[in-house]
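Protein chains in written order, with our numbering: chain H, 146 to 473; chain B, 146 to 473.
Yeah, the Cβ is synthetic: ideal placement off N, Cα and C, and Gly gets one too.
Remarks on the structure that follows.
2 protein chains.
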Amino acid sequence: MAVTMKEIAEITGVSKATVSKIINGRDRYISEETRKKVLGCITQMGYVPNAMARGLKVKKTRMIGFILPDISNPFFPEIAKGIEDKAKKEGFGVVICNTDDRAEAEYQSFQFLFAQQVDGIIFTRALRRANMDKVFESGIPIVVVDREVNTKQLGFGQIFIDTRQGIKESTNLLIQAGCEKIAYISAQYHSEYDRYSGYVEAMQEAGRQVQAELVYKNQYNVDTGYEGINKILETNKVDGVVCGNDLIAIGVIRALSERGIKIPDQVKIMGFDDMYFSQYMVPPLSTIKQPAYEMGAQAAEMLIDNILYQKPLAKKKLNFTICMRGTV
Amino acid sequence: MAVTMKEIAEITGVSKATVSKIINGRDRYISEETRKKVLGCITQMGYVPNAMARGLKVKKTRMIGFILPDISNPFFPEIAKGIEDKAKKEGFGVVICNTDDRAEAEYQSFQFLFAQQVDGIIFTRALRRANMDKVFESGIPIVVVDREVNTKQLGFGQIFIDTRQGIKESTNLLIQAGCEKIAYISAQYHSEYDRYSGYVEAMQEAGRQVQAELVYKNQYNVDTGYEGINKILETNKVDGVVCGNDLIAIGVIRALSERGIKIPDQVKIMGFDDMYFSQYMVPPLSTIKQPAYEMGAQAAEMLIDNILYQKPLAKKKLNFTICMRGTV
DNA sequence: TTAGTATAGGTAATCGATTGCCTATAAATA
DNA sequence: TATTTATAGGCAATCGATTACCTATACTAA
């Protein structure tokens with residue numbers, strides 16, 4: 146169906162080799178005349194080289210994969226944008242795989258990306274250690290974004306922020322603001338561990354006790370915030386809420402406003418991530434900003450530098466920022 | 146680097162053909178013994194068939210492309226999710242290309258997807274007619290999502306809602322709610338035309354005049370809403386705002402709340418799209434809901450049915466829903 | 001006994017682009 | 001004039017999987 150290199154060669158009366166050389170800029174020994182003729186034919190026929198055939202031969206596809214847990218959580222598209230922008234600049238395409246936070250889908254995504262022979266993979270939210278080792282053995286460069294992975298396994302890169310410290314400061318901010326009963330609402334994934342320990346540490350260092358009934362964990366979405374705070378308020382009073390991400394905070398704000406509870410006067414709220422419209426919430430959300438776009442961009446840069454120039458993959462820590470706005 | 150079919154064949158002492166047949170289920174004339182042996186070797190070696198080699202030979206890649214204008218607008222990830230879910234069910238992968246609403250990037254995305262030999266493409270936000278024709282000539286099945294494309298060109302599918310009617314009803318709702326001075330804030334893309342005419346029609350049918358100084362168009366994002374309403378309020382008073390999408394509405398709400406203007410008492414606001422957390426805004430946003438997930442799912446279904454069973458691509462109109470919440 | 005057929009699996013061409021190596025001419029140098 | 005060398009471009013193997021077609025054996029039916 147599509148035009149092939151062979152056809153271009155036949156029409157212009159040269160060999161496939163010549164066409165290939167022209168396309169790939171190995172045209173040192175190609176006359177200007179043939180070059181023009183071939184290039185003209187290519188645009189005229191709308192010829193686009195078959196990336197599969199090329200990939201098969203040169204074993205480089207100029208594609209990188211990005212595995213994310215939930216594309217409807219705006220934090221991840223922001224990372225994706227960072228990745229895409231960087232990738233596009235280097236002539237790489239990005240294949241995005243959504244896993245819905247299911248380990249099985251994560252595994253399938255890897256299989257799929259391997260099959261597609263992507264040159265590298267960026268992924269967020271780690272599998273359990275066991276599965277990860279298997280994946281890292283594949284030899285394909287991998288950069289993990291969004292959390293520190295504790296594994297001896299080397300040979301993969303990391304872009305992360307200290308989420309434990311982030312949540313710790315978030316909690317401290319609430320403590321300093323005078324909150325007495327501070328709830329914690331978040332998700333329950335593997336990646337949650339760091340966050341929760343930040344909360345626990347902050348509480349303990351302030352001499353507070355962590356009360357199980359003030360903790361609710363489900364998923365990183367709005368519903369969790371909404372359900373969580375309602376559940377907690379059934380049996381408890383709170384005057385501060387540490388949220389595992391901004392979506393949860395939105396749910397909390399919604400539930401509180403339905404109950405006529407004033408924010409931040411009666412209850413103070415800290416989010417996490419800083420989705421780009423969190424600042425536009427009413428009241429604007431106080432949160433810990435993860436530099437999502439930057440994380441994506443740096444991950445892509447590290448990965449592509451490794452693919453193209455064998456620069457080693459590294460561990461790179463980016464800083465979070467505290468954004469105090471209207472909810473604390 | 147990666148294990149190949151040839152290696153599997155050598156290890157198990159059969160031919161490549163046999164391995165291939167087993168993988169693809171053409172194992173009618175394969176003994177249970179060999180089948181087990183080969184399958185065992187495959188899992189043990191972690192063999193994943195090279196999708197490029199297969200794609201090159203069978204001219205089917207089981208990949209579809211999705212071109213979207215702005216991945217950080219939550220409306221599109223929602224569509225993407227609908228596409229992905231459907232696609233995954235049928236064993237298709239999805240390549241997402243973000244264009245930042247730049248026509249050039251849109252064109253490049255098509256080129257890229259052609260090169261990748263995707264089996265079909267779903268895209269939102271149309272190029273100008275001229276460029277589209279070129280693309281449709283490629284022979285690859287295409288489904289356009291999100292707006293009606295007026296072109297004689299056949300052979301591509303459409304999933305759309307009547308955005309003109311949607312905005313018209315949105316405007317009428319404001320008129321019925323007693324608004325006298327109704328502003329319109331939206332984007333200025335090609336795809337905007339329908340929306341704006343909905344506003345104009347509603348105004349005219351109600352005997353109102355469209356005042357240019359109450360109209361602001363820039364982009365479908367929060368900033369546009371924020372800037373737009375502030376600009377308008379410099380010289381005018383308004384008591385109703387029709388927004389081109391929910392992000393714009395969020396920006397408007399923010400700006401108004403900064404000015405201490407009460408919503409909906411002093412100004413009423415209608416959004417458009419219904420992003421999944423719009424209902425959680427404070428006050429919850431009244432909006433016209435586009436069934437984003439459903440649009441994605443149906444687009445993918447139509448496309449895959451065409452790819453797999455040559456079912457013709459059709460024009461399909463989905464219905465919007467009016468969601469009256471707290472801003473009108 | 002022999003032709004026919006079901007079973008099991010192998011051979012080799014093919015998909016489209018790349019690339020090391022070869023040929024042929026022209027120009028430069030000895 | 002003879003020999004390099006630069007220029008221009010072609011040949012054919014190759015990447016990994018698929019598949020039409022072929023071979024060989026075992027079993028059936030006539």
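### Task
Give the residues of chain H in contact with residue 398/B, contact being defined as C-beta atoms less than 7 Å apart.
427
### Query
Between residue 457/B and chain H, is there a C-beta pair that is closer than 7 Å?
no
### Task
Taking C-beta pairs closer than 8 Å, name the residues in chain B that residue 392/H reaches, listed in chain order.
422
### Query
Taking 7 Å as the CB-CB cut-off, is residue 238/H touching chain B?
yes
### Message
Using the three-state DSSP reduction, which class does residue 431/B fall into: helix, strand or coil?
### Response
coil
#### Entry: Environment of residue 323/H [buried if 16+ CB atoms lie within 10 Å]
exposed
### Query
Relative to chain B, which residues along the segment 188-202 of chain H have a C-beta separation below 9 Å, given in chain order?
191, 193, 194, 195, 196, 197, 198, 199, 200 and 201
### Spatial distance of residue 181/B from residue 254/H (CA atoms)
25 Å
### Below-7 Å beta-carbon distance, residue 241/B vs any chain H residue
yes
#### Entry: Distance between beta carbons of residue 364/B and residue 197/H, contact taken as under 8 Å
Not quite, the Cβ-Cβ distance comes to about 36 Å (not below 8 Å), so this is no contact.
### Message
Out of 339/B, 326/B, 409/B and 390/B, which one is the CA nearest neighbour of residue 380/B?
### Response
326/B
#### Entry: Euclidean distance between Cα positions of residue 247/B and residue 184/B
47 Å
### chain H contact for residue 229/B (CB, 7 Å cutoff)
yes
### Query
Would you call the CB atoms of residue 308/B and residue 264/B closer than 7 Å?
no
### Task
Kindly indicate which three-state DSSP category residue 466/H falls into: helix, strand or coil?
strand
### Message
Can you check which of these residues, 213/B, 235/B, 310/B and 410/B, is closest to residue 267/B by C-alpha distance?
### Response
213/B
### Message
Between residue 226/H and chain B, is any beta-carbon pair separated by less than 7 Å?
### Response
yes
### Query
So what does residue 303/B bridge to, in DSSP terms?
289/B and 460/B
### Query
What does residue 223/B touch in chain H if you count any residue whose Cβ is under 8 Å from its own?
217
### Message
Would the segment 222-232 of chain B count as touching the segment 428-446 of chain B if we require 3 or more Cβ pairs under 8 Å?
### Response
yes
### Query
Which residues in the same chain have their Cβ closer than 6 Å to the Cβ of residue 343/B, if we skip the five residues on either side of it in sequence?
309, 312 and 313
### Message
If you reduce the DSSP assignment to three classes, tell me which class residue 381/B lands in.
### Response
coil
### Query
residue 389/H: which of 154/H, 175/H and 434/H sits nearest, CA to CA?
434/H
### Neighbour flag for residue 168/H against chain B, beta carbons, 7 Å
no
### Message
The beta strand (DSSP E) that contains residue 331/B, what's its start and end?
### Response
327-332
### Message
Tell me whether the segment 392-403 of chain H and the segment 417-434 of chain B touch, counting them as touching only if at least three CB pairs, one residue from each stretch, are closer than 8 Å.
### Response
yes
#### Entry: Proximal residues to residue 288/H (C-beta, below 6 Å), its chain only, five neighbours per side dropped
267, 302, 444, 447 and 448
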